[in-house]
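A.B. asks: Got a structure for you, written out below as structure tokens; questions coming shortly.
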């Protein structure tokens, strides 16, 4: 009976260790996904800023050439 209890304790420890390992891996994947999303957000912000700058440049050139200014879509 004692061996059976000892085996059950070992099995319980293994299950707990596996659970902790899985949890840590899952947390690491979540962290990587959050970092990726943050990087993508920064890239999008930079692209929007660049687009706005290009539109201003285009409008400036159109005004300088007396061309009709095309309204910007929101």
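Numbering (our numbering), first residue to last: 7 to 80.
Idealized CB from N, CA, C, for every residue including glycine.
1. Could you name each continuous alpha helix (DSSP H) segment of 4 residues or more that falls completely within the stretch 20 to 50, going from the start of the chain to the end?
2. Compute the Euclidean distance between the alpha carbons of residue 26 and residue 34, then round it to the nearest angstrom.
3. If you draw a straight line from the C-alpha of residue 23 to the C-alpha of residue 39, how long is it?
4. From residue 17 to residue 7, what does the alpha carbon distance come to, in whole angstroms?
5. Roughly how many angstroms lie between the CA atoms of residue 30 and residue 20, to the nearest whole one?
C.D. replies: Let's see:
1. Taking only runs of at least 4 residues, no alpha helix (DSSP H) segment lies wholly in the stretch 20 to 50.
2. So the two alpha carbons sit approximately 12 angstroms from each other.
3. As the crow flies, the alpha-carbon of residue 23 is around 24 angstroms from that of residue 39.
4. Straight-line measurement puts the Cα of residue 7 at about 15 angstroms from the Cα of residue 17.
5. The alpha-carbon atoms of residue 30 and residue 20 are separated by roughly 15 angstroms.
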